[in-house]
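**Q** Once you've had a glance at the structure underneath, I'll fire off some questions.
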Amino acid sequence: MSSTPVRVYAARLVGLPIFDPQGDQVGKVRDVVVTIRSEGSQPRVLGLVAEVFGRRRIFVPMTRVTGVDSGHVYTTGLLNMRRFEQRSTETLVIGQMLDRQVSIPSIGVSGTVYDVAMEQARNRDWVLSRVAVQEPGKGLRRRGQTHILEWRDVEGLARRSPTQGATHLLQAIGDMRPADAATMIHDLPHERRRQVVAGLDDERLAEVLEELPEDDQVEILAELDSERAADVLEVMSPEDAADLIADLPPETAAALLELMEPEEAEDVRRLMSYAENTAGAMMTPEPVILGPDATVADALAHVRNPELTPAQAAVVYVCRPPLETPTGRFLGVAHIQRLLREPPSSLVAGAVDATMETLKAESTLDEVAAHLATYNLVAAPVVDEDGHLLGAVTVDDLLDHLLPENWRDRAVSRG
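Structural data, given as structure tokens:
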């Protein structure tokens with residue numbers, strides 16, 4: 194068993210791996226659950242919110258935690274896999290305590306909470322013992338003075354309706370993958386979530402929206418002003434934006450499409466014109482497309498784009514101009530695995546697989562699945578009857594449509 198330090202700061206716990214006694218990772222820490230009794234009484238730490246396989250969040254009681262060190266959390270391995278549901282008497286340290294406005298009567302100043310420390314009391318219970326508070330910046334100083342205080346020396350943490358911003362919570366989720374950030378935002382109370390959404394830039398919000406359940410997507414978009422909602426939709430991938438807009442009331446959808454840049458709106462309208470659950474409706478209209486005179490070096494430079502998913506970056510589509518969908522005549526695909534074996538100066542056209550079968554826009558989910566499985570593909574072109582490339586379907590697009598509608602939010606109450 195790992196030795197446990199005297200004091201652990203909650204913000205530093207987020208993202209740490211959780212291991213069972215055999216050394217196997219069973220999840221990651223996402224938050225700390227406490228119960229607050231009064232301003233002067235140290236809150237008891239009830240347990241951790243852990244994310245396990247499938248992005249499910251479960252509750253890990255502190256009685257199951259056997260140790261914490263600088264980079265790991267150890268448990269007994271006996272975990273209840275039912276989904277965590279916060280109770281009314283519980284408070285989430287990361288989700289609800291960071292950024293609270295508090296006062297320090299002993300020195301007559303106020304500030305915001307940027308971290309909270311927990312430690313084991315003599316009876317072996319874990320409690321919140323210290324509060325890290327930052328004063329507002331003054332004058333030319335960007336950062337105000339910081340204080341590490343005993344719990345009892347800080348006022349404002351036991352309020353049911355706290356005064357609260359989102360700066361430090363945004364910092365806590367800033368380095369998370371979009372899927373992890375989406376899970377944290379999904380679990381926040383409504384007002385807290387609204388504050389976080391307001392603090393995210395358009396690109397980050399678009400990434401998070403793509404990972405949220407449909408109900409959350411619609412709710413968040415409805416609370417944005419129309420101009421910002423249109424800006425966020427423009428940043429989203431066209432297929433995700435089309436799916437989201439299709440869930441909105443028709444008049445709202447029409448208004449947002451009018452506010453979007455014409456080029457972005459055209460892609461979304463085209464995807465929405467295809468029947469639901471077809472290749473046309475789920476494809477991306479922006480795969481990596483090159484002309485036949487492009488070199489292998491050009492292709493490799495394009496697929497290095499970090500915004501591409503692995504499936505999108507696995508295939509280059511070679512077409513006659515124009516190179517935006519719908520393109521000129523589709524010539525074939527070049528698999529990155531093949532291109533890596535070719536000299537960088539050679540033409541990508543020399544590595545084209547012109548024999549690959551293509552999908553039609555009206556191909557059904559079953560037909561798309563069978564096509565990818567038959568040819569062992571992670572992506573496939575969608576071509577119209579005149580031989581123009583319309584887009585590409587990737588295996589992750591397919592999975593999004595094959596999985597149950599609520600796969601991102603399988604809520605099971607905690608007993």
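Counting from 194, one number per residue, gives the positions in the sequence shown under this note's numbering.
Even glycine gets a Cβ: it sits at the ideal position worked out from N, Cα and C.
1. When the distance is taken between beta carbons, is residue 239 closer than 7 Å to residue 222?
2. Residues in the same chain with beta-carbon distance under 6 Å from residue 590, minus the five sequence neighbours each way, listed in chain order, please.
3. Are the CB atoms of residue 357 and residue 292 nearer to each other than 7 Å?
4. Does the beta carbon of residue 567 come closer than 7 Å to any beta carbon on chain E?
5. Under DSSP, the alpha helix (DSSP H) around residue 565 begins and ends at which residues?
6. Give the range of the beta strand (DSSP E) segment to which residue 431 is assigned.
7. Please state whether the Cβ-Cβ distance between residue 405 and residue 431 is less than 7 Å.
8. Can you look up residue 445 in the DSSP assignment and give me helix, strand or coil?
9. With 16 other CB atoms within 10 Å as the buried threshold, where does residue 218 fall?
10. Does the distance from the CB of residue 320 to the CB of residue 347 come in under 7 Å?
11. Just confirm the distance between the C-beta atoms of residue 392 and residue 359, as a whole number of angstroms; I'd bet it's less than 8 Å.
12. Kindly list the residues whose CB is nearer than 6 Å to the CB of residue 569, restricted to its own chain and excluding five residues on each side of it in sequence; keep chain order.
13. Which residue comes first and which comes last in the alpha helix (DSSP H) that contains residue 320?
14. Mapping DSSP to helix, strand and coil, what is residue 517?
15. Could you check whether residue 587 and residue 504 sit closer than 7 Å to each other, using their CB atoms as the reference points?
16. Going by other Cβ atoms of all chains shown within 10 Å of its Cβ, with 16 needed for buried, is residue 274 buried or exposed?
17. Could you tell me the distance, in whole angstroms, from the CA atom of residue 282 to the CA atom of residue 352?
18. Could you check the C-alpha separation between residue 538 and residue 489 for me, to the nearest Å?
19. Tell me the DSSP secondary structure of residue 313 in three-state form.
20. Rounding to the nearest angstrom, what Cα-Cα distance links residue 427 and residue 450 in this structure?
21. With distance defined between alpha-carbon atoms, name the residue in 235, 262 and 271 nearest to residue 252.
22. By the three-class DSSP mapping on this structure, what secondary structure does residue 357 have?
23. Report yes or no: do the stretch 249-268 and the stretch 227-236 share at least 3 C-beta pairs separated by less than 8 Å?
24. Sort 507, 520 and 453 by Cα distance to residue 530 and report the nearest one.
25. Taking only three categories from DSSP, how would you classify residue 352?
26. Count the other C-beta atoms from every protein chain shown that fall within 10 angstroms of the C-beta of residue 555, then say buried if there are 16 or more, exposed otherwise.
27. Pick from 424, 417 and 386: whose alpha carbon is nearest that of residue 395?
28. At the level of alpha carbons, what is the spacing between residue 487 and residue 511?
29. With residue 418 as the anchor, note down where its alpha helix (DSSP H) starts and where it stops.
30. Quick check: does the Cβ of residue 253 come within less than 6 Å of any heavy atom belonging to the ligand FAD?
31. Determine the contact status of residue 502 and residue 585, defining contact as a CB-CB distance below 7 Å.
32. Which residue or residues does DSSP assign as beta-bridge partners of residue 574?
33. Mapping the DSSP letters down to three states, classify residue 640 as helix, strand or coil.
34. According to DSSP, simplified to helix, strand and coil, what is residue 543?
35. Between which two residues does the beta strand (DSSP E) containing residue 530 stretch?
36. Around the Cβ of residue 442, are there at least 16 other Cβ atoms within 10 angstroms (buried) or fewer (exposed)?
**A** Result, derived from the coordinates:
1. For the purposes of this step, residue 222 is taken as residue 29 along the sequence shown, with counting starting at 1. For the purposes of this step, residue 239 is taken as residue 46 along the sequence shown, with counting starting at 1. No, Cβ-Cβ distance for residue 222 and residue 239 is not below 7 Å.
2. Position 397 of the sequence shown holds residue 590. 475.
3. If you number the sequence shown from 1, residue 357 lands on position 164. If you number the sequence shown from 1, residue 292 lands on position 99. For residue 357 and residue 292, yes; Cβs fall inside 7 Å.
4. No chain E appears in this structure, which consists of one protein chain only.
5. Translated into positions along the sequence shown, residue 565 becomes position 372. Start and end: 558-567.
6. In the sequence shown, counting from the first residue as 1, residue 431 sits at position 238. Segment 431-439 is the alpha helix (DSSP H) holding residue 431; no beta strand (DSSP E) there.
7. Residue mapping note: residue 405 aligns to position 212 of the sequence shown, counting from 1. Residue mapping note: residue 431 aligns to position 238 of the sequence shown, counting from 1. Not closer than 7 Å, so no.
8. Working through the sequence shown from its first residue, we reach residue 445 at position 252. In this structure, residue 445 counts as helix in the three-state DSSP scheme.
9. For the purposes of this step, residue 218 is taken as the residue at position 25 of the sequence shown. Residue burial annotation: residue 218 is exposed, with fewer than 16 other C-beta atoms found within 10 angstroms of its C-beta.
10. For the purposes of this step, residue 320 is identified with residue 127 of the sequence shown, where counting begins at 1. For the purposes of this step, residue 347 is identified with residue 154 of the sequence shown, where counting begins at 1. Not in contact: residue 320 and residue 347 (Cβ atoms no closer than 7 Å).
11. Within the sequence shown, numbered from 1, the residue matching residue 392 stands at position 199. Within the sequence shown, numbered from 1, the residue matching residue 359 stands at position 166. Between residue 359 and residue 392 the Cβ distance is about 5 Å, and since that is below 8 Å, they are a contact.
12. Within the sequence shown, residue 569 is the residue found at index 376, counting from 1. Contacts found: none.
13. Indexing the sequence shown from 1 puts residue 320 at position 127. Note, residue 320: premise wrong, no alpha helix (DSSP H); beta strand (DSSP E) at 319-327.
14. Here residue 517 corresponds to residue number 324 of the sequence shown, with the count starting at 1. Three-state DSSP puts residue 517 in coil, outside helix and strand.
15. Translated into positions along the sequence shown, residue 504 becomes position 311. Translated into positions along the sequence shown, residue 587 becomes position 394. Yes, Cβ-Cβ distance for residue 504 and residue 587 is below 7 Å.
16. Your numbering for residue 274 matches position 81 in the sequence shown. Flag for residue 274 reads exposed.
17. What you label residue 282 is simply residue 89 of the sequence shown in a count that begins at 1. What you label residue 352 is simply residue 159 of the sequence shown in a count that begins at 1. One C-alpha to the other measures close to 12 Å.
18. Taking the sequence shown and counting its residues from 1, the one referred to as residue 538 is at position 345. Taking the sequence shown and counting its residues from 1, the one referred to as residue 489 is at position 296. Their backbone Cα atoms lie some 6 Å apart in a straight line.
19. In the sequence shown, residue 313 corresponds to position 120, counting from 1. It is a strand residue.
20. As a working note, residue 427 is residue 234 in the sequence shown. As a working note, residue 450 is residue 257 in the sequence shown. So the two alpha carbons sit approximately 9 Å from each other.
21. In the sequence shown, the residue the question calls residue 252 occupies position 59. Nearest C-alpha to residue 252: 271.
22. Here the question's residue 357 lines up with position 164 in the sequence shown. Here residue 357 sits in strand by DSSP.
23. no
24. If you number the sequence shown from 1, residue 530 lands on position 337. For the residues 507, 520 and 453, the minimum Cα distance to residue 530 belongs to 507.
25. Walking along the sequence shown from the start, residue 352 turns up at place 159. Here residue 352 sits in coil by DSSP.
26. Within the sequence shown, numbered from 1, the residue matching residue 555 stands at position 362. Exposed, since its Cβ has fewer than 16 Cβ neighbours within 10 Å.
27. By 1-based counting over the sequence shown, the position of residue 395 is 202. Of the candidates 424, 417 and 386, the one whose C-alpha sits nearest the C-alpha of residue 395 is 424.
28. Residue mapping note: residue 487 aligns to position 294 of the sequence shown, counting from 1. Residue mapping note: residue 511 aligns to position 318 of the sequence shown, counting from 1. A straight-line Cα-Cα distance of about 9 Å links residue 487 and residue 511.
29. What you label residue 418 is simply residue 225 of the sequence shown in a count that begins at 1. Note, residue 418: premise wrong, no alpha helix (DSSP H); not H, not E.
30. Looking for the ligand FAD in the displayed structure turns up nothing, as the structure carries no ligands at all.
31. Within the sequence shown, the letter at position 309 stands for residue 502. Within the sequence shown, the letter at position 392 stands for residue 585. Against a cut-off of 7 Å, the Cβ pair of residue 585 and residue 502 comes out as no contact.
32. Counted from its first residue, the sequence shown places residue 574 at position 381. Residue 574 is bridged to 585.
33. Nothing in the structure corresponds to residue 640, since the chain is present only between 194 and 608.
34. One-based indexing of the sequence shown puts residue 543 at position 350. Looking at residue 543 - three-state DSSP - the assignment turns out to be helix.
35. Translated into the one-based positions of the sequence shown, residue 530 becomes position 337. Where residue 530 is concerned, there is no enclosing beta strand (DSSP E), although the alpha helix (DSSP H) it sits in stretches over 529-532.
36. What you label residue 442 is simply residue 249 of the sequence shown in a count that begins at 1. By the 10 Å Cβ count, residue 442 comes out exposed.
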